[in-house]
Amino acid sequence: MGLNIFTIRKAVAKMNEHNFYMNKAINLAKKGYGKTNPNPLVGAVIVKNGIIIGTGFHKAFGLSHAEVNAINNATEDVFDSTLYVNLEPCSHFGKTPPCVNAIINAKIKEVVIAMKDPNPLVSGKGIEILEQAGIKVTLGVLEQKAKILNEIFIKYITLKKPFVILKSAMTLDGKIATYTGNSKYITGEIALKHTHNLRNRISAIMVGVDTLIIDNPFLNTRLKNKNGNCPIPIVVDSTGKIPLESKVINSEKGLILATTSKINKDKEAQLLNKGVKIIKCDSENGKVNLNTLMDELYKINIDSVLLEGGGNLNWSALQSKIVDKVFFYYAPKLIGGQTAKTSVEGIGFASLNDAIDLKDIKFKKIGEDFLVEGYLSK
Numbered sequence: 001m002g003l004n005i006f007t008i009r010k011a012v013a014k015m016n017e018h019n020f021y022m023n024k025a026i027n028l029a030k031k032g033y034g035k036t037n038p039n040p041l042v043g044a045v046i047v048k049n050g051i052i053i054g055t056g057f058h059k060a061f062g063l064s065h066a067e068v069n070a071i072n073n074a075t076e077d078v079f080d081s082t083l084y085v086n087l088e089p090c091s092h093f094g095k096t097p098p099c100v101n102a103i104i105n106a107k108i109k110e111v112v113i114a115m116k117d118p119n120p121l122v123s124g125k126g127i128e129i130l131e132q133a134g135i136k137v138t139l140g141v142l143e144q145k146a147k148i149l150n151e152i153f154i155k156y157i158t159l160k161k162p163f164v165i166l167k168s169a170m171t172l173d174g175k176i177a178t179y180t181g182n183s184k185y186i187t188g189e190i191a192l193k194h195t196h197n198l199r200n201r202i203s204a205i206m207v208g209v210d211t212l213i214i215d216n217p218f219l220n221t222r223l224k225n226k227n228g229n230c231p232i233p234i235v236v237d238s239t240g241k242i243p244l245e246s247k248v249i250n251s252e253k254g255l256i257l258a259t260t261s262k263i264n265k266d267k268e269a270q271l272l273n274k275g276v277k278i279i280k281c282d283s284e285n286g287k288v289n290l291n292t293l294m295d296e297l298y299k300i301n302i303d304s305v306l307l308e309g310g311g312n313l314n315w316s317a318l319q320s321k322i323v324d325k326v327f328f329y330y331a332p333k334l335i336g337g338q339t340a341k342t343s344v345e346g347i348g349f350a351s352l353n354d355a356i357d358l359k360d361i362k363f364k365k366i367g368e369d370f371l372v373e374g375y376l377s378k
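The letter at position 75 of the sequence shown is residue 75 when you use the numbering used here, and the numbering goes up by one with no holes.
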């Protein structure tokens, strides 16, 4: 016998209710942008008798998790309530005790979870412990949205490599500068602000040494009326050409120089004396091996890299297959020029059949400019 209309309506209403509160949990999680790395972004909402009585989010790496904060912030006893959380509650001791213990001790009756913990060592164990304690668990509410929110964490914890975003700002004819080298600023103020919000979310920002020599940037995060997270600057420099007076050497997070054994020993000593961390990643062609670099960055808890390099570094990154996602900002301008730099240079592909395809593409108007966002098909 099929389901009657009342059963269907009740199920739809419950699904809508779950989606509503999970959306709130996901939006709370976003408040941790740039502060929780390499931990995930997590938000939690506690509902009792149709009313939200507690909310919380993971504020920073090493601090209490979202579930514990929501319980502590509750305006009344959370007994017999429902907890919504975008990631499976942890079941192991890390910087903080397991969240499942706090949930069980608080006598919460149901936990609604968007996605399992992607860590294969713990995935599903938190759910199992909750169910063994008699707590009802509902899994998979807004799962895809939760996975996008924590795409950085998912790659970092499963593949043990940083999530890499290639970002570039260009004209409609693909130029990142005029033939004279003028590039400030191709896109408008709103797009520039969007870029700095992106910087605020990641652990490190990477450029090539040629870009550094031309622009001498700070590579920091500049947000009005807000203290943004400044990512760790990384300069890819095979031979140690970086000028000692470069602004980025005085970064508050400290500079990482990715180089090779070709760096001059005296220059290396001078850089080390200035507090620069040097990572040597030799490759067969004498340049920095970007895959080796990603492995080394993982070891020092860098979970994400924003690549703002020039065309040659961008090509090397694509060729090395370290890029996961692109953010291409387009200004409605045409500047032309055979020698004007483009966002991706290098030798390029000989055949269109070899071209890199993008998937899950989004288009967005940002002020007077346009953003194309997409993932690389690998």
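Built from N, CA and C at the ideal position, the CB exists for glycine as well.
Being a predicted model, the structure only gives us computed values, none of them experimental.
In the three-state DSSP reduction, S168 falls in the strand class (E or B). Approximately 14 Å separates the beta-carbon atoms of I356 and L307; this is outside 8 Å, ruling out the contact. At a cut-off of 4 residues, the continuous stretches assigned as alpha helix (DSSP H) that sit fully inside the region 188 to 217 are 189 to 199 and 209 to 215. By the Cβ test, the region 332 to 350 is not in contact with the region 194 to 202, since fewer than three Cβ pairs between them sit closer than 8 Å.
Closest option to I135, judged by alpha-carbon separation, among K280, T158 and N101: N101.
If you draw a straight line from the Cα of D210 to the Cα of K155, it is about 29 Å long. Under the three-state reduction of DSSP output, K280 falls in the strand class. Three or more beta-carbon pairs separated by less than 8 Å are not found between the region 221 to 240 and the region 321 to 336, which leaves the two stretches without contact. Restricting attention to alpha helix (DSSP H) runs no shorter than 4 residues, the region 227 to 302 encloses them at 265 to 273 and 290 to 299, ordered along the chain.
Exclusion of the five residues before and after Y84 leaves Y21, M22, A25, V45 and V112 as the residues of its chain whose Cβ lies within less than 6 Å of its Cβ. Here K265 is exposed: its Cβ has fewer than 16 other Cβ atoms, across all protein chains shown, within 10 Å.
Under the three-state reduction of DSSP output, E143 falls in the helix class.
One alpha carbon belongs to L257, the other to S251, and they sit about 12 Å apart. For the region 106 to 140, the full-length beta strand (DSSP E) segments reaching 3 residues or more read 110 to 113 and 136 to 139 along the chain. Under the three-state reduction of DSSP output, G32 falls in the helix class.
As computed with DSSP, F328 is found in a beta bridge with S168 and V372.
Taken through DSSP and simplified to helix, strand or coil, Y156 comes out as helix.
With respect to the 7 Å criterion, Y375 and K325 are classified as neighbours on the basis of their beta carbons. For the pair of segments examined, the region 158 to 176 was found not to touch the region 125 to 142: the number of CB pairs separated by less than 8 Å stays below three.
Boundaries of the alpha helix (DSSP H) harbouring A70: A66 to N73, taken from the DSSP string. Cβ atoms of P162 and I205 stay farther apart than 8 Å, at about 12 Å. Boundaries around A44 are those of the beta strand (DSSP E), G43 to K48, since no alpha helix (DSSP H) includes it.
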